[in-house]
Amino acid sequence: MKKNLLWKADLENGRYKNPILYADYSDPDVIRVGDTFYMTASSFNYIPGLPILTSKDLVNWSLVNYAVKEIPYEDYKSPAHGRGVWAPSIRYYDNKFWIFVGMPDEGIFMTSAVDPLGEWSPLICVREGKGFIDPCPLWDEDGRAYIVHGYAKSRIGFKSKLGIFEISPDGKTAITEDRFIFDGTETQPTIEGPKFYKRDGMYYILAPAGGVKQGWQTALRSEFIYGPYEEKIVMHQGNTYINGPHQGGLVDTLLGEEWFIHFQDKEAYGRICHLQPVKWKDGWPIIGVDIDGDGIGEPVLEYTKPKGVPIVESCEIEASDDFTNKFLGHQWQWLANSNDNFYSLTENPGYLRLYNLNTTDKEKAVIWNSANVLTQKIMCPEFVAETKMDFSNIPSEGKAGMLIIGEQYAGICIKHENEEISIVYFESEETGGNRGEIEIKRVPCQNNNEIYFRFNFKDDQKGSFSYSLDGGTWSKETRSFSPKAATWVGAKIGIFAIADGKTQKSGYTQFSYFNVMRVDKY
Numbered sequence: 066m067k068k069n070l071l072w073k074a075d076l077e078n079g080r081y082k083n084p085i086l087y088a089d090y091s092d093p094d095v096i097r098v099g100d101t102f103y104m105t106a107s108s109f110n111y112i113p114g115l116p117i118l119t120s121k122d123l124v125n126w127s128l129v130n131y132a133v134k135e136i137p138y139e140d141y142k143s144p145a146h147g148r149g150v151w152a153p154s155i156r157y158y159d160n161k162f163w164i165f166v167g168m169p170d171e172g173i174f175m176t177s178a179v180d181p182l183g184e185w186s187p188l189i190c191v192r193e194g195k196g197f198i199d200p201c202p203l204w205d206e207d208g209r210a211y212i213v214h215g216y217a218k219s220r221i222g223f224k225s226k227l228g229i230f231e232i233s234p235d236g237k238t239a240i241t242e243d244r245f246i247f248d249g250t251e252t253q254p255t256i257e258g259p260k261f262y263k264r265d266g267m268y269y270i271l272a273p274a275g276g277v278k279q280g281w282q283t284a285l286r287s288e289f290i291y292g293p294y295e296e297k298i299v300m301h302q303g304n305t306y307i308n309g310p311h312q313g314g315l316v317d318t319l320l321g322e323e324w325f326i327h328f329q330d331k332e333a334y335g336r337i338c339h340l341q342p343v344k345w346k347d348g349w350p351i352i353g354v355d356i357d358g359d360g361i362g363e364p365v366l367e368y369t370k371p372k373g374v375p376i377v378e379s380c381e382i383e384a385s386d387d388f389t390n391k392f393l394g395h396q397w398q399w400l401a402n403s404n405d406n407f408y409s410l411t412e413n414p415g416y417l418r419l420y421n422l423n424t425t426d427k428e429k430a431v432i433w434n435s436a437n438v439l440t441q442k443i444m445c446p447e448f449v450a451e452t453k454m455d456f457s458n459i460p461s462e463g464k465a466g467m468l469i470i471g472e473q474y475a476g477i478c479i480k481h482e483n484e485e486i487s488i489v490y491f492e493s494e495e496t497g498g499n500r501g502e503i504e505i506k507r508v509p510c511q512n513n514n515e516i517y518f519r520f521n522f523k524d525d526q527k528g529s530f531s532y533s534l535d536g537g538t539w540s541k542e543t544r545s546f547s548p549k550a551a552t553w554v555g556a557k558i559g560i561f562a563i564a565d566g567k568t569q570k571s572g573y574t575q576f577s578y579f580n581v582m583r584v585d586k587y
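The C-terminal position of the sequence shown is numbered 587 in our numbering, with every residue numbered one higher than the one before it.
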């Protein structure tokens, strides 16, 4: 019996449909080593960060690891929304995997590993400074190494330019000053996310320009690494609904076919991944298919799968979890750096125990500012998420439940307050660091031990919550809520257990499962 996948890009007839990942893997970059493809993506403030995905056919992907276990700065002990690990690049050189990443408030960093499924090195700062983003390395034939990158106007005061500097061959240190190599202000505004390649003696940079939703893909080429660079638009939205099409990476197959993985902005779903064929003409790539013969590709909605790749069973990134493993599944990410006292999977095997902690610096714990909120990406257009929760050990002033979090957030929870146990539906209010939570509805809980929560999300990007005391009879759903996309990221679903007060309490809440079920409309 075939598994009921949340999203299935493989049509199992030699063709695939886009997106290949209906999930927020923004700013993807991809390489091939042997017969395996490896992809990584931005992770911002979410921990663990820099996901490592693998595939044998570029269509079916598995999430197998993360390169970053923590961000090495005090600021990231609390959620630093919109900051942290921005667009990465992944490369294989000298028998080692490398990822370079920009953190716009700190600098450009590198991590490496011999085994991408094993431990990655701690982040090393290659170049310190504000405003450096989207780095990509290139090791030239003479052994010298370079980083090309973009600039964040919000940190450095300008954008639409690409810079370059030389680094030590071991990737650890910048050894020259930064210099501009391309100014796109007039013809390629907001150019960013460069990916650096060398082909037939020419240097190529593939980079999106024009903005996230309204932009296009540009190619630059030069005989010399420092330029000057010619420019050409090589993919645009055209008559498709695939906006951007934005940042991505180029990869080849064992048979020499070339492909491009990029993202499309899908609002609350985040930045979902598409796969495009690549052809070359007159020394320029055409990404997608040139429908109207203007020399510019358009994204494909459906296409023939890569040739020469193995036939594999359709797979997906897991969303559901029965908490029977000793470690959290790869689908889960915290809102900030985490530590072992947030949870346990071994104190009561078969259950996830979340300790009701206040990880904020305030008397009243607000979810937006709490590191110990466990989240995962939305994986498909419509779904129902369900969890079962044991709150018999929830402390006084504690609350625990299920939520959807984006630019705004909402949730349903058990709240222990004034020696009473209540079921509370809440929504966030205000913006920025002033976010708080308001109760929309509160009812007394008639069960002093267990409760079931559900979240029903529709393709209008709105969702509602309900609860059950027995797993069979469900309450009326709450009012519909739209989380909207947050800063650079889509909305996420998740669970939490927090508590008010500066003195940590010994209580906890246990979850026996978290299931995500596709609505069969898709």
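Just so you know, even glycine gets a beta-carbon here, dropped at the ideal spot from N, CA and C.
Buried or exposed by the 16-neighbour rule on C-beta atoms within 10 Å, applied to residue i
| i | result |
| --- | --- |
| residue 532 | buried |
| residue 223 | exposed |
| residue 320 | exposed |
| residue 73 | buried |
| residue 199 | buried |
| residue 65 | Because the chain is modelled from 66 through 587, residue 65 falls outside the range shown and cannot be assessed. |
| residue 587 | Reliability fails at residue 587, whose pLDDT of 48 lies under 50, so the model's placement of it is uncertain and no value is given. |
| residue 245 | exposed |
| residue 509 | exposed |
| residue 267 | exposed |
| residue 192 | buried |
| residue 289 | exposed |
| residue 371 | buried |
| residue 179 | exposed |
| residue 42 | In this structure the chain extends from 66 to 587, so residue 42 is not present and cannot be described. |
| residue 177 | buried |
| residue 108 | buried |
| residue 363 | buried |
| residue 336 | buried |
| residue 286 | buried |
| residue 499 | exposed |
| residue 83 | buried |
| residue 69 | exposed |
| residue 67 | With a pLDDT of only 46 at residue 67, under 50, the local geometry of the prediction cannot be trusted, and the value read off the model is given with reservation. So residue 67 counts as exposed. |
| residue 375 | exposed |
Helix, strand or coil at residue i according to DSSP, with G and I counted as helix
| i | result |
| --- | --- |
| residue 324 | strand |
| residue 433 | helix |
| residue 522 | strand |
| residue 220 | helix |
| residue 392 | coil |
| residue 276 | coil |
| residue 67 | Residue confidence is low: residue 67 scores 46 on pLDDT, short of 50, so the model does not pin down where it sits. Its coordinate-derived value is still stated next. Residue 67: coil per DSSP, three-state reduction. |
| residue 332 | helix |
| residue 471 | coil |
| residue 94 | strand |
| residue 415 | coil |
| residue 497 | helix |
| residue 405 | helix |
| residue 77 | coil |
| residue 345 | strand |
| residue 232 | strand |
Residues bridged to residue i [DSSP beta-bridge criterion]
| i | result |
| --- | --- |
| residue 454 | 516, 576 |
| residue 478 | 466, 489 |
| residue 339 | 327 |
| residue 192 | 173 |
| residue 301 | 281 |
| residue 504 | 491 |
| residue 201 | 213 |
| residue 561 | 438, 466 |
| residue 448 | 522, 583 |
| residue 291 | DSSP, once it has assigned bridges, lists no residue as partnering residue 291. |
| residue 367 | 82 |
| residue 376 | Answer is none; residue 376 lacks a bridge partner. |
Proximity winner among the options, relative to residue i (alpha-carbon distances)
| i | options | result |
| --- | --- | --- |
| residue 485 | 503, 504, 502, 512 | 512 |
| residue 270 | 276, 253, 279 | 253 |
| residue 353 | 454, 400, 298, 389 | 298 |
| residue 368 | 69, 85, 71 | 85 |
| residue 234 | 161, 109, 186, 474 | 161 |
| residue 479 | 96, 220, 562, 412 | 562 |
| residue 541 | 518, 525, 557 | 518 |
| residue 81 | 451, 545, 380, 577 | 380 |
| residue 578 | 275, 141, 455, 205 | 455 |
| residue 494 | 546, 147, 209, 450 | 546 |
| residue 133 | 174, 314, 411 | 174 |
Exercise for the section: Ignoring anything shorter than 3 residues or poking outside the segment 115-184, list the beta strand (DSSP E) runs there in chain order. Expected result: Look at the segment 115-184 and you find these whole runs of beta strand (DSSP E), each 3 residues long or longer: 127-133, 153-158, 161-168, 172-178.
Handout entry: Segments assigned alpha helix (DSSP H), at least 4 residues, entirely inside the segment 241-288
Key = Complete alpha helix (DSSP H) runs here, min 4: none at all.
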